[in-house]
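Asker: Residue numbering for the sequence shown follows the working numbering, starting at 16 and increasing by one per position. Okay, handing you the structure first.
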Amino acid sequence: MRASDRALSRSLNIADLRARARARLPAPVFDFLEGGAEDEITLVRNRAAFSEWALVPRAFRDVSQVSGAVEILGQSLEWPLIVSPTGMPGLFHPDAEIGLAEAAAASGTLYCLSAMASRSIEEVAASTTAPKAFQLYIFQDRGLTRELILRAKAAGYAALILAIDVPVPANRERDRRTGMTIPPRLGLASLLAFARHPAWCWHNLVRRPVSLANFSDMRAEPGSTLLSFIQSQFEPQLSWTDLEWVAGLWGGSIAVKGLLHGDDVERAVAAGASTVFLSNHGGRQLDAAVSGLDMVEETAERLAGRATLIVDGGIRRGTDIIKAVALGASACSTGRAALYGLTVGGRAGAARALQLLRSEYERDMALLGARRQDEIERSCIRRLR
Ligand SMILES: Cc1cc2nc3c(=O)[nH]c(=O)nc-3n(C[C@H](O)[C@H](O)[C@H](O)COP(=O)(O)O)c2cc1C
Numbered sequence: 016m017r018a019s020d021r022a023l024s025r026s027l028n029i030a031d032l033r034a035r036a037r038a039r040l041p042a043p044v045f046d047f048l049e050g051g052a053e054d055e056i057t058l059v060r061n062r063a064a065f066s067e068w069a070l071v072p073r074a075f076r077d078v079s080q081v082s083g084a085v086e087i088l089g090q091s092l093e094w095p096l097i098v099s100p101t102g103m104p105g106l107f108h109p110d111a112e113i114g115l116a117e118a119a120a121a122s123g124t125l126y127c128l129s130a131m132a133s134r135s136i137e138e139v140a141a142s143t144t145a146p147k148a149f150q151l152y153i154f155q156d157r158g159l160t161r162e163l164i165l166r167a168k169a170a171g172y173a174a175l176i177l178a179i180d181v182p183v184p185a186n187r188e189r190d191r192r193t194g195m196t197i198p199p200r201l202g203l204a205s206l207l208a209f210a211r212h213p214a215w216c217w218h219n220l221v222r223r224p225v226s227l228a229n230f231s232d233m234r235a236e237p238g239s240t241l242l243s244f245i246q247s248q249f250e251p252q253l254s255w256t257d258l259e260w261v262a263g264l265w266g267g268s269i270a271v272k273g274l275l276h277g278d279d280v281e282r283a284v285a286a287g288a289s290t291v292f293l294s295n296h297g298g299r300q301l302d303a304a305v306s307g308l309d310m311v312e313e314t315a316e317r318l319a320g321r322a323t324l325i326v327d328g329g330i331r332r333g334t335d336i337i338k339a340v341a342l343g344a345s346a347c348s349t350g351r352a353a354l355y356g357l358t359v360g361g362r363a364g365a366a367r368a369l370q371l372l373r374s375e376y377e378r379d380m381a382l383l384g385a386r387r388q389d390e391i392e393r394s395c396i397r398r399l400r
């Protein structure tokens with residue numbers, strides 16, 4: 016058995032994969048994966064929110080057949096956890112987005128590719144026949160934004176996810192301390208941390224330097240990197256007409272990711288979104304923002320089934336998914352859990368992370384007494400404080 020296969024089979028949960036991922040990456044790269052904005056209050060809240068709820072199981076139910084099947088963004092999924100868009104996973108393992116997409120397909124769920132990906136829209140589309148979604152940012156250059164939409168459409172992506180929570184880059188102090196900024200400003204301690212991981216340096220700095228694959232034909236302005244140029248393209252002046260413009264160009268199933276306020280959810284649905292992601296970007300944008308889970312119940316009540324509700328942030332166990340569903344979410348989404356797996360074992364590692372979460376979810380449904388998602392009822396969950 017190869018060392019990475021052994022590491023995967025010995026990882027019994029997402030926390031085990033996280034510990035192994037941490038050991039595998041240079042510290043500044045792990046901090047980039049793991050960290051949040053400023054005091055990381057929201058990053059911590061994303062986990063803490065789940066522990067404020069407890070499950071109340073039902074008895075005398077035949078749970079010999081349990082199915083988490085659900086329809087999300089027009090796709091029939093085998094269970095309600097999709098893979099969130101994350102920028103540049105090539106930093107964590109050379110399998111990068113291809114590994115994540117293949118793992119999601121093998122697990123019977125949907126993969127969302129980020130605009131800030133390390134593999135291109137077309138390369139990832141060709142990697143599996145399974146349906147995928149593409150996550151877009153609206154850039155100041157609307158021509159560039161339009162081009163991305165049309166490329167995703169031509170490549171056959173099943174849905175478009177518009178992320179609206181990066182009007183300006185966030186203040187991630189871990190990255191500023193380590194020098195993982197744009198452009199990088201590595202100090203001596205960070206350089207030593209990289210020197211301790213020669214295999215990582217070989218893959219990422221020599222063999223296939225990580226780049227923003229969707230913009231590879233663009234030239235940065237003299238004196239700036241492509242990454243800093245694209246970051247300077249984030250749009251601080253978004254308006255609702257931009258959402259209508261994107262929905263019109265796309266013409267298919269569209270989700271808005273990064274909403275937390277109920278009024279905004281209403282406006283997004285009125286502007287054509289069929290799906291809403293309650294998300295604070297994994298605690299990486301506005302620190303002190305509420306967690307997605309905090310907003311699920313009131314948003315679900317307000318929507319009353321008019322749109323599909325997805326929540327992300329802090330999903331690390333099958334019971335986390337059950338709690339979100341009991342409060343009214345249709346599905347959850349995960350960023351870091353899949354990335355920890357990818358880091359430890361590439362495609363097989365990402366698949367292990369999803370397999371662990373799926374088997375926890377299905378076992379926990381049976382233990383709760385729920386055979387189908389609609390049996391995970393509001394009465395099965397209580398707030399502890
Ligand atoms: C390393 C990393 C990169 C991310 N990049 C993006 C991105 O490019 N686009 C996006 O919409 N969200 C991005 N996110 C946020 C995720 O889509 C998701 O909202 C978040 O990871 C959920 O929290 P979790 O990691 O606790 O599951 C990123 C998150 C991480 C950890």
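Ideal Cβ positions, reconstructed from N, Cα and C, are used throughout, including at glycine. As the structure is a prediction and not an experimental result, all values here were calculated from the model.
Can you find a heavy atom of ligand 1 that lies under 8 Å from the Cβ of K272?
Answerer: The count along the sequence shown starts at 1 and reaches residue 272 at position 257. Yes, Cβ of K272 sits closer than 8 Å to a heavy atom of ligand 1.
Asker: Looking at C-alpha atoms only, which residue of C347, L275 and A368 is the closest neighbour of A84?
Answerer: Your numbering for residue 84 matches position 69 in the sequence shown. Of C347, L275 and A368, the residue nearest in Cα terms is C347.
Asker: When every heavy atom of ligand 3 is checked, does at least one fall within less than 8 Å of the C-beta of A352?
Answerer: This structure lacks ligand 3; its bound ligands are ligand 1.
Asker: Extract the residue ranges of the alpha helix (DSSP H) inside the stretch 317-381, only unbroken runs of 4 or more that lie entirely within it.
Answerer: 333-341
Asker: Please classify R222 as buried or exposed, where buried requires at least 16 neighbouring CB atoms within 10 angstroms.
Answerer: Along the sequence shown, read from residue 1 onward, the residue named residue 222 stands at position 207. R222 should be labelled exposed.
Asker: Alpha carbon to alpha carbon, how far is L342 from S231?
Answerer: Residue 342 sits at position 327 when you count from the first residue of the sequence shown. Residue 231 sits at position 216 when you count from the first residue of the sequence shown. Cα-Cα distance, rounded: 42 Å.
Asker: With three or more C-beta pairs closer than 8 Å as the rule, is the stretch 299-319 touching the stretch 49-64?
Answerer: yes
Asker: Grouping DSSP H, G and I as helix and E and B as strand, with all else coil, what is I153?
Answerer: Start at 1 with the first residue of the sequence shown, and residue 153 comes out as number 138. Coil at I153, not helix or strand.
Asker: T143 and A116 - do their beta-carbons sit closer together than 9 Å?
Answerer: Here residue 116 refers to the residue found at position 101 when the sequence shown is read from its first residue. Here residue 143 refers to the residue found at position 128 when the sequence shown is read from its first residue. It is a contact, given that the beta carbons lie within the stated cut-off.
Asker: Once the 5 residues before and after V71 are set aside, which same chain residues still bring their CB inside 8 Å of it?
Answerer: What you label residue 71 is simply residue 56 of the sequence shown in a count that begins at 1. S394, C395, I396 and R397, listed in sequence order.
Asker: Is the separation between the beta-carbon of W215 and that of R35 shorter than 9 Å?
Answerer: Position 200 of the sequence shown, counting from 1, holds the residue named residue 215. Position 20 of the sequence shown, counting from 1, holds the residue named residue 35. Cβ distance not < 9 Å, so W215 and R35 don't count as in contact.
Asker: Quick check on this structure: which residue in E137, I113, R191 and L354 has the alpha carbon closest to the alpha carbon of L165?
Answerer: Position 150 of the sequence shown, counted from the first residue, corresponds to residue 165. The shortest C-alpha separation from L165 is found at E137.
Asker: Here's the rule I'm using: 16 or more other beta-carbon atoms within 10 Å means buried, otherwise exposed. How should N186 be labelled?
Answerer: Taking the first residue of the sequence shown as position 1, residue 186 is located at position 171. Exposed: under 16 other Cβ atoms inside 10 Å.
Asker: Just list the beta strand (DSSP E) runs in the stretch 169-200, keeping only unbroken ones of 3 residues or longer that don't cross its boundaries, in chain order.
Answerer: 174-178
Asker: Using 10 angstroms around the beta-carbon of A52, count the other beta-carbons present and answer buried if the total reaches 16, otherwise exposed.
Answerer: Looking up residue 52 in the sequence shown gives position 37. A52 comes out buried.
Asker: Specify whether the stretch 144-151 and the stretch 166-186 touch according to this definition: at least 3 beta carbon pairs, one from each stretch, less than 8 Å apart.
Answerer: yes
Asker: Would you kindly work out how many angstroms separate the C-alpha atoms of G297 and G328, rounded to a whole number?
Answerer: The residue labelled residue 297 in the question sits at position 282 within the sequence shown. The residue labelled residue 328 in the question sits at position 313 within the sequence shown. Approximately 5 Å, taken between the alpha carbons.
Asker: Kindly give me the distance between the Cβ atoms of D7 and L357, rounded to whole angstroms, as I take these residues to be in contact under 8 Å.
Answerer: Past the boundaries of the shown model lies residue 7; the chain is included only from 16 to 400, so the question cannot be answered.
Asker: Suppose you measure from the CA of L92 to the CA of L125; what does that come to, to the nearest Å?
Answerer: The residue given as residue 92 occupies position 77 in the sequence shown. The residue given as residue 125 occupies position 110 in the sequence shown. Rounded to whole angstroms, L92 to L125 spans 7 Å at the Cα level.
Asker: Provide the residue span of the alpha helix (DSSP H) that contains W215, from first to last.
Answerer: Within the sequence shown, residue 215 is the residue found at index 200, counting from 1. For W215, the enclosing alpha helix (DSSP H) covers residues P213 to C216.
Asker: Let me know the secondary structure DSSP gives Q248 once reduced to three states.
Answerer: The count along the sequence shown starts at 1 and reaches residue 248 at position 233. Q248: coil per DSSP, three-state reduction.
Asker: Would M16 be called buried (16 or more neighbouring beta carbons within 10 Å of its own) or exposed?
Answerer: Position 1 of the sequence shown holds residue 16. Flag for M16 reads exposed.
Asker: Around the C-beta of E112, are 16 or more other C-beta atoms found within 10 angstroms, so that it is buried, or is it exposed?
Answerer: On the sequence shown, position 97 is the one that residue 112 refers to. By the 10 Å Cβ count, E112 comes out buried.
Asker: If you run the structure through DSSP and keep just helix, strand and coil, what is V305?
Answerer: As a position in the sequence shown, residue 305 is number 290, starting the count at 1. Note: V305 maps to coil in three-state DSSP.
Asker: Whole angstroms are fine: how far does the CA of L258 sit from the CA of T323?
Answerer: Against the sequence shown, residue 323 aligns to sequence position 308. Against the sequence shown, residue 258 aligns to sequence position 243. Their backbone Cα atoms lie some 17 Å apart in a straight line.
Asker: Residues in its own chain within less than 6 Å of M380 by CB, not counting five upstream and five downstream?
Answerer: Taking the sequence shown and counting its residues from 1, the one referred to as residue 380 is at position 365. Once the five neighbours on either side are set aside, the close Cβ partners of M380 are V81.
Asker: Pick out whichever of Y376, L293 and Y355 has its Cα sitting closest to the Cα of D180.
Answerer: As a position in the sequence shown, residue 180 is number 165, starting the count at 1. Closest by alpha carbon: L293.
Asker: Closest to G158 by CA distance: which of Q248, I56 and K338 is it?
Answerer: The residue given as residue 158 occupies position 143 in the sequence shown. With distances taken between Cα atoms, G158 lies closest to Q248.
Asker: Is the beta carbon of A228 less than 9 Å from the beta carbon of S99?
Answerer: As a working note, residue 228 is residue 213 in the sequence shown. As a working note, residue 99 is residue 84 in the sequence shown. No; because the gap between Cβ atoms is not below 9 Å, this pair is not in contact.
Asker: Could you work out which residue in E390, Y376 and L383 is closest to S122 when comparing CA atoms only?
Answerer: For the purposes of this step, residue 122 is identified with residue 107 of the sequence shown, where counting begins at 1. Nearest C-alpha to S122 among E390, Y376 and L383: Y376.
Asker: Return the residue from the list T349, T57 and G384 that minimises the CA-CA distance to L372.
Answerer: Walking along the sequence shown from the start, residue 372 turns up at place 357. When each option's Cα is compared against that of L372, the closest is T349.
Asker: Are there any heavy atoms of ligand 1 lying less than 8 Å away from the beta-carbon of H296, as far as the coordinates show?
Answerer: Numbered from its first residue, the sequence shown carries residue 296 at position 281. Under cutoff, so the answer is yes.
Asker: Does ligand 1 have even one heavy atom less than 8 Å from the beta-carbon of I136?
Answerer: The residue given as residue 136 occupies position 121 in the sequence shown. No, the Cβ of I136 stays beyond 8 Å of every heavy atom of ligand 1.
Asker: Tell me whether the beta-carbon of A208 lies closer than 9 Å to the beta-carbon of P43.
Answerer: For the purposes of this step, residue 208 is taken as residue 193 along the sequence shown, with counting starting at 1. For the purposes of this step, residue 43 is taken as residue 28 along the sequence shown, with counting starting at 1. Yes.
Asker: Is any non-hydrogen atom of ligand 1 found closer than 8 Å to the C-beta of M195, if you look at the structure I gave you?
Answerer: Working through the sequence shown from its first residue, we reach residue 195 at position 180. Relative to the non-hydrogen atoms of ligand 1, the Cβ of M195 never comes closer than 8 Å to any of them.
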